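Everything below concerns the one structure shown next.
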Amino acid sequence: MTVGDVTPFLKVDGLSKRYGAFTALDRIDLEIGRGEFVCFLGPSGCGKTTVLRLIAGLDRQDEGRIEIGSRDVSSAPPAERDFGIVFQSYALFPNLTVGDNVAYGLVNRRMPKARVAARVAELLALVGLPDQRGKYPVQLSGGQQQRVALARALATSPSLLLLDEPLSALDAKVRTRLREEIRLLQKRLGITTIMVTHDQEEALAMADRVVVMNRGRIEQVGTPEDIYRQPASAFVADFIGAMTFLDATVGGPCQIRVGSVDLVCEDGRGFIPDSPVRLGFRPEEIRVGNVRATDVNAIEVRVRSLEFLGSFYRARLEPSRDLGGSLVADLSANLHGDLAIAEGQYLYVSLPPAALRAFPVASRP
Amino acid sequence: MARTIVAAALPEAVPARSRALPENLVGTVLVAGLCLLLVLIIALPLGTLLIKSLETPAGGLAGLDNFRTYFSTPTLVDALLNSLTVATTTVAIVVPLAFGYAYALTRTAMRFKGVLLALALLPLFAPSLLSGIALTYILGNQGFLRGMLFGRTVYGPIGITIAECLYSFPHALIILVTALGLSDGRLYEAAAAMGTGRLRTFVTVTLPGARYGLVSAAFVVFTLVVTDFGIPKVIGGQYSVLATDAYRQVVGQQNFPMGAVVGLLMLVPAVLAFAVDRLIQRRQSSLLSARSVPYEAKPNPVRDRLSLAYAGLVTGVVVATYGVAVWASFIRYWPYNLSLTLDHYDFAAADADGWGPYWNSLVMALSVAGIGTVVVFCGAYLIEKLKLFPTGRAFAQLLAMLPLAVPGLVLGLGYVFFFNAPWNPLNVLYGTLALLAINTLAHYYTVAHVTATTALKQIDPEFESVSASLKVPFWQTFRRVSLPICMPTVLELAVYLFVNAMTTVSAVIFLYGPDTKLAAIAIVHMDEAGTTATAAAMASVIMATALAARLLLALVHRFVIARAQAWRRREVSA
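Listed below in structure tokens is the structure:
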């Protein structure tokens, strides 16, 4: 689902950035629609923050173009780009009150005092802190400080909101609540938003589209569902959610050979027969229970270990026949109870053909 | 649909004011201005000194002849060797003493730590030659303890070394307290958990942690001694050292090229110290991680009492020595008539200028503190916080760090050659109080700059990014945020510059004019004229002024800053 007009609001063309010999960003192309919420997701050092800083004009790209609202801003200073930004560190001015922080960008515009005050009150109400304007940042909790930072970024009604890991410094509970609030606020204001995060759950929960990055390149752009269900590469599959990988060889159409076992696999992807591939599947997609030896892709395994993770168990399974590795399966607590699975037990599991994905060998996660 | 909601929630799109000044242009001009200023007050004088050392007295090209002459003249080489001897001896005495003191302050639970540290830093507030004057009263020809020298004279290497020890002690102490303070308490707990003995812990944990500090302290003390002018002038007698030699060459014999050669020789240990210090800082920072836990000493009655006795003894010697000089300034006629008098504070009786030099010093120190603080802090802000003109900022940073490697006497020589040159339109400044102030600022620029930079580095670097996104120019953020946050540091800078401007002798000795003699220089002249008590009186006045400035800072801190900076407190108002 792609919100947005026919013409993209933000357009990035061949953006590159190097620090000495290190290539932080390697020819990135991207288009973002008006009103869209896009998350840049990737491990640290993948270049996601670099893209954000280049879009903001806080750093200068070595090559490439940036257009905001069909205006070329490639060499414009930050002040001419019309965005609001929120940092992980909040970056609230400690010597100014909450009200003065929010008003910081307004005072400079020679607005009458009364209008500034009204606008500050409106913004603080918007972020749910209506009666805190007289306090100093140090007197607020982390979550409250981040709301103030958000209000400050929105004060000048920018057309673009940039969020640089805004939730990473917060407790898990506060983080979950604030991410819902940010998303609601963004939808209400309809402001085009880019958020950088290394937390896949955050990205999946908040974004209209996710941009997965690795080593200065974009691995995949898509809706959260696309990214999770149809990962374009082994890296994406491994980074988003968990995935077990096994070395395999393409047999025929819909046939793949793992060790000494032949499996039915729907993911052909045009691999040449006999070529080596990486076979991947997610732990929750392995079927455990009510599997007979004659079922499709049924394998006998021994339960090597069981790890209790609250709402589910993660089982490490040792195949009786050689698969070139062990399997990981997630069992709901209910299923675990029903089947009375214990460590050391032998049972049959199956790998549903639709759940198996083949990746080229070169793309190791 | 989305558009209407936007309009509802954000009723008025705020119009951006057309910005009067292009931010980048202003920033670039300011950085360029800073570079120009630093080139004028630091780079060009030093460059002129370098060139001068390669010239003949008549102005022709001498190449390395001056250096050849220097090393083939026995009296000149003697001064070099004397300087090395005195400096090495001082290092050997001061560094262990200061290490013990710093150890007592940081690694024991002895009492009165605050008072002891404050008293040990006393010499920083007086001109270096005050310790020399004090020694003439204690161990000189009329000294009450001269018997301790068994007939040897204090006017020479003995006097210089003792006086330099007193003067350089606080400098070594500050470095070592910092080095020992940066310790990881977990390492001690790990050593104790493995049953490591005291001595082994000291050798394997404490010493390695402090070894960079020790090296740094040794170099700093060495450099201070080699380049100090006041003490050998007062108590050196016939024993010539590099600093007095440079003065004699330039002021006495008007042999500028040879003065320049001596100046460059003094530059060698200073530059070495600078290089070693840079290297050390890089290593030192890697010793401590963010996870380190500061060491806290547990009480140990025997060790703590021994430490207190040691620290008390050392502090006692320092305070007593400076106390003798102050006391002597009130004595009618040492040692024959010990009745008290204020006569020696009537400076006009001993020197035609009277109290004039003191007022000169005060005006000069206040301008250095006032103007210098603004220049240094704004300069540090430009270098640290702006993103534009990286070449210019890197260049300014380099020049700002340079004075640390340049002894005052050497910088003073450079100023003579540069600002007194007939071809230089700026030579109208020569002999004015303005030039003395500029020179003093340049001399102490680095420490002030580093202090300001450290404070600025602690401010979230994203403040400027946020401001840019809000279309607020950097000078507004400087005024409304960075400056208020750094106010304590700014005042600290002002007092640092003031105290040093009051006490410095070495750089300005070449630069004063008939109407602009400074108090510290007046001391040298009074001492030369044999009115030692008057010299002690003037030095006491300087020390009192410097201490008063320091006290004022403490009071301002306590009553003004603490109240104005309510935002630092965490209390939640009801």
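Line order of the protein sequences matches chains Z and F. Heads up, the first sequence is in full-length UniProt numbering, so the first residue is 1 and it goes up one at a time. Heads up, the second sequence is in full-length UniProt numbering, so the first residue is 1 and it goes up one at a time. Where is the CB? At the ideal position from N, CA and C, for every residue including glycine. As the structure is a computational prediction, the values presented were derived from the model and not from experiment.
Is the CB of residue i under 7 Å away from at least one CB in chain F?
i, result
"G84 of chain Z", "yes"
"F58 of chain Z", "The displayed chain sequence assigns Leu, not Phe, to residue 58 of chain Z. Taking Cβ atoms only, chain F reaches closer than 7 Å to L58 of chain Z, which makes this a yes."
"N108 of chain Z", "yes"
"P365 of chain Z", "Low confidence applies here, because P365 of chain Z scores a pLDDT of 49, under 50, leaving its location unreliable; read the following figure in that light. No, P365 of chain Z lies away from the interface with chain F (no Cβ there is under 7 Å from its Cβ)."
"Y346 of chain Z", "no"
"Y136 of chain Z", "yes"
"G105 of chain Z", "yes"
"T2 of chain Z", "Confidence in T2 of chain Z is poor, its pLDDT being 48 and thus under 50, which makes the residue's placement too unreliable to answer from."
Alpha carbon to alpha carbon, what distance is there between residue j and residue i?
i, j, result
"T545 of chain F", "A126 of chain F", "9 Å"
"S44 of chain Z", "I51 of chain F", "52 Å"
"Y19 of chain Z", "V450 of chain F", "26 Å"
"R278 of chain F", "G412 of chain F", "24 Å"
"M502 of chain F", "L409 of chain F", "16 Å"
"C46 of chain Z", "V361 of chain Z", "21 Å"
"L41 of chain Z", "A207 of chain Z", "10 Å"
"residue 376 of chain Z", "V205 of chain F", "An answer regarding residue 376 of chain Z cannot be provided, because it is not within the stretch 1 to 365 covered by chain Z."
"K233 of chain F", "A120 of chain F", "24 Å"
"A32 of chain F", "A442 of chain F", "18 Å"
"V196 of chain Z", "N214 of chain Z", "13 Å"
"L30 of chain Z", "P8 of chain Z", "9 Å"
"G84 of chain Z", "A56 of chain Z", "9 Å"
"A533 of chain F", "F330 of chain F", "8 Å"
"K135 of chain Z", "T192 of chain Z", "30 Å"
"L433 of chain F", "L338 of chain F", "38 Å"
"A354 of chain Z", "R287 of chain Z", "12 Å"
Name the chain Z residues that come within less than 8 Å of residue i, Cβ to Cβ?
i, result
"V481 of chain F", "F93, N95 and L96"
"Q476 of chain F", "N108"
Hey, does residue i have any beta-carbon neighbour from chain Z nearer than 7 Å?
i, result
"F463 of chain F", "yes"
"S168 of chain F", "no"
"I485 of chain F", "yes"
"W567 of chain F", "yes"
"L470 of chain F", "yes"
"V466 of chain F", "yes"
"S183 of chain F", "no"
For residue i, tell me which candidate among the options has the shortest Cα-Cα distance.
i, options, result
"A297 of chain F", "F:A109, F:Y155, F:Q142 and F:P422", "F:A109"
"Y336 of chain F", "F:V26, F:V466, F:R569 and F:G143", "F:G143"
"T244 of chain F", "F:M148, F:F559, F:V505 and F:L555", "F:V505"
"S350 of chain Z", "Z:L263, Z:L185, Z:E67 and Z:A79", "Z:L263"
"V495 of chain F", "F:Y444, F:A535, F:L436 and F:T90", "F:Y444"
"F37 of chain Z", "Z:A355, Z:R357, Z:G222 and Z:A248", "Z:G222"
"A21 of chain Z", "Z:D62, Z:K48 and Z:D13", "Z:D62"
"D338 of chain Z", "Z:F312, Z:L140 and Z:S320", "Z:F312"
"T321 of chain F", "F:Y358, F:I561 and F:I138", "F:I138"
Under 7 Å Cβ-Cβ, which residues of chain F neighbour residue i?
i, result
"G69 of chain Z", "In chain order: nothing, as chain F lies at least about 14 Å away."
"S89 of chain Z", "D460 and E462"
"T50 of chain Z", "Simply none; closest approach about 14 Å."
Just the chain F side, please: which residues come within less than 9 Å of residue i by C-beta, in chain order?
i, result
"A117 of chain Z", "Those do not exist, as A117 of chain Z stays about 14 Å from chain F at its closest Cβ, beyond 9 Å."
"T294 of chain Z", "Correct list: empty, because the minimum Cβ distance to chain F is about 55 Å."
Given that residue i touches chain Z, what residues does it touch there, using C-beta distances under 9 Å?
i, result
"E23 of chain F", "P77 and A79"
Say the cut is 6 Å; is the CB of residue i nearer than that to a heavy atom of the ligand ATP?
i, result
"A548 of chain F", "The ligand ATP is not among the ligands present in this structure, which contains no ligands whatsoever."
Quick one: list the residues of chain F neighbouring residue i, beta-carbon separation under 8 Å, in chain order.
i, result
"V192 of chain Z", "Checking the sequence shown, residue 192 of chain Z turns out to be Thr, not Val. Neighbours of T192 of chain Z on chain F: none; closest Cβ ~11 Å, over 8 Å."
Enumerate, from N- to C-terminal direction, the unbroken alpha helix (DSSP H) stretches of 4 or more residues contained entirely within the segment 62–108 of chain F. With a minimum length of 4 residues, the continuous alpha helix (DSSP H) runs that stay inside the segment 62–108 of chain F are 65–72 and 74–107.
Would you mind listing the beta strand (DSSP E) stretches within the segment 292–343 of chain Z that are 3+ residues and don't spill past its ends, in chain order? Within the segment 292–343 of chain Z, the complete beta strand (DSSP E) runs of at least 3 residues are 298–308, 312–319 and 327–332.
Output the residue ranges of the alpha helix (DSSP H) runs that lie fully inside the segment 307–391 of chain F and measure 4 residues or longer, sorted by chain position. Unbroken alpha helix (DSSP H) stretches of 4 residues or longer found wholly inside the segment 307–391 of chain F: 356–367 and 373–385, given in chain order.
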